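Remarks on the structure that follows.
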Amino acid sequence: MTTTISNSKLSASIKHAGAELFSIKDNQNNEYIWEGNPDFWGKHSPVLFPIVGTLKNNTYIIKEKEYQLPRHGFARDMEFELIEKTENKAIFSLKSSEETLKKYPFEFELQLIYTLTENSLNLEYKITNNSNEKMPFSIGAHPAIALPGNFEDYALQFEKEEELKYYLLENDLISSKTKVLKTVNNEVSLNYDLFKNDALIFKTLDSKSLNILKNSKPYVKVDYKDFPSLGIWTKENAPFICIEPWLGYSDTDENTGDLYKKEGILILDENKKISVKFSITIL
Numbered sequence: 009m010t011t012t013i014s015n016s017k018l019s020a021s022i023k024h025a026g027a028e029l030f031s032i033k034d035n036q037n038n039e040y041i042w043e044g045n046p047d048f049w050g051k052h053s054p055v056l057f058p059i060v061g062t063l064k065n066n067t068y069i070i071k072e073k074e075y076q077l078p079r080h081g082f083a084r085d086m087e088f089e090l091i092e093k094t095e096n097k098a099i100f101s102l103k104s105s106e107e108t109l110k111k112y113p114f115e116f117e118l119q120l121i122y123t124l125t126e127n128s129l130n131l132e133y134k135i136t137n138n139s140n141e142k143m144p145f146s147i148g149a150h151p152a153i154a155l156p157g158n159f160e161d162y163a164l165q166f167e168k169e170e171e172l173k174y175y176l177l178e179n180d181l182i183s184s185k186t187k188v189l190k191t192v193n194n195e196v197s198l199n200y201d202l203f204k205n206d207a208l209i210f211k212t213l214d215s216k217s218l219n220i221l222k223n224s225k226p227y228v229k230v231d232y233k234d235f236p237s238l239g240i241w242t243k244e245n246a247p248f249i250c251i252e253p254w255l256g257y258s259d260t261d262e263n264t265g266d267l268y269k270k271e272g273i274l275i276l277d278e279n280k281k282i283s284v285k286f287s288i289t290i291l
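Quick note: the sequence shown uses the working numbering, first residue 9, plus one each step.
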């Protein structure tokens, strides 16, 4: 099943499977979300929960018991319930179940709230800990912005002038090796060589938004003020770029497995909730 919301400037369509955004169109019918061709990457904009990235040996420990979670967790592969719908807003919910408790021993509710305002799609993640104990988790976004035409006609323009230090992945884990993304006027021209070692992982950034430029003109803006970390990724020769606001990231090789002590993890108190937002604006 799918749900579509709209206003005078945009429409957005969301699959109930994973509550995954798969389309943003303007009123000229231009598409801004990657089509999901499995020859490159068969997803569009999955939610990453209750982890972001990869666990060492895909394993973690809670109270001396081992659990397994796949890369980026399980929420993206589960059916969400549509619990509210208006013309320009849709709210989807995923609640813990017997199935999730086998992988992640916490009672929770995850809501994805999509709202169109003018030429922006605002996405809110609302996480509630319904357990009687502290709940460790990460949450992240993975929207793939479609880049029609020549990939090298596009550039990323960061909000602030800063040293763009990113961490390299080794066997899907974050290594201690870093590089610095060179900029000119806060801009980075896109080319596939940037991603020959997989995603660019920024643990922290001063910039809380970036513009995607097409032939030096504004194309799409992503705002992520609630998210300290950012991933940027594409596949060789694929006509998209993923701009991924994160709270959390992959394990390092030194990780002990204790989820409460994982680098970048959030700890939500019992019977508390947290909300974080980001937006995609068509320029």
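All residues carry an ideal CB built from backbone N, CA and C; glycine is no exception.
Keep in mind it's a predicted model, so treat the numbers as computed, not measured.
Around the C-beta of residue 54, are 16 or more other C-beta atoms found within 10 angstroms, so that it is buried, or is it exposed? buried
Can you tell me which residues form a DSSP beta bridge with residue 156? Paired residue(s): none; residue 156 is not in a bridge.
Could you check how far apart the C-beta atoms of residue 189 and residue 183 are, in whole angstroms? I think they sit under 8 Å. Between residue 183 and residue 189 the Cβ distance is about 17 Å, and since that is not below 8 Å, they are no contact.
Can the beta-carbon of residue 259 be found less than 8 Å from the beta-carbon of residue 181? yes
Pairwise C-alpha distance: residue 242 and residue 203: 7 Å
Boundaries of the alpha helix (DSSP H) in which residue 108 is found, first to last residue: 106-111
Is the beta carbon of residue 236 sitting closer than 8 Å to the one on residue 255? yes
Unbroken stretches of the beta strand (DSSP E), 3 residues or longer, contained in the segment 77-126: 89-93, 97-103, 116-125
According to DSSP, residue 266 sits in a beta bridge with which residue or residues? 69
Note down the Cα distance separating residue 22 from residue 31, rounded to an integer number of angstroms. 7 Å
In chain order, each beta strand (DSSP E) run of at least 3 residues that lies wholly inside the segment 131-188: 143-145, 152-154, 162-166, 172-178
Per DSSP, residue 241 forms a beta bridge with which residues? 250
Check whether chain D comes within 8 Å of residue 45, counting only Cβ atoms and requiring the distance to be less than that. In summary, chain D is missing from the structure at hand, where a single protein chain is found.
According to DSSP, is residue 227 helix, strand or coil? strand
So is residue 192 buried or exposed if we call it buried at 16+ other beta carbons inside 10 Å? exposed
Closer than 7 Å by C-beta to residue 126: which residues in its own chain qualify, once you throw out the five before and the five after it? Chain order, please. 17
Considering only their Cβ atoms, is the gap separating residue 77 from residue 111 smaller than 8 Å? yes
Just the Cα atoms here: how many angstroms apart are residue 145 and residue 272? 9 Å
According to DSSP, which residues form a beta bridge with residue 34? 18
Under 8 Å by Cβ, that's how I've got residue 89 and residue 101 pegged, so tell me the actual separation to the nearest angstrom. 5 Å
What is the DSSP secondary structure of residue 190, counted as helix, strand or coil? coil
Considering only C-alpha positions, which residue in the set 99, 245, 248 is nearest to residue 10? 99
Assuming residue 208 and residue 174 form a contact by the criterion Cβ under 8 Å, report the distance between their Cβ atoms to the nearest whole angstrom. 4 Å
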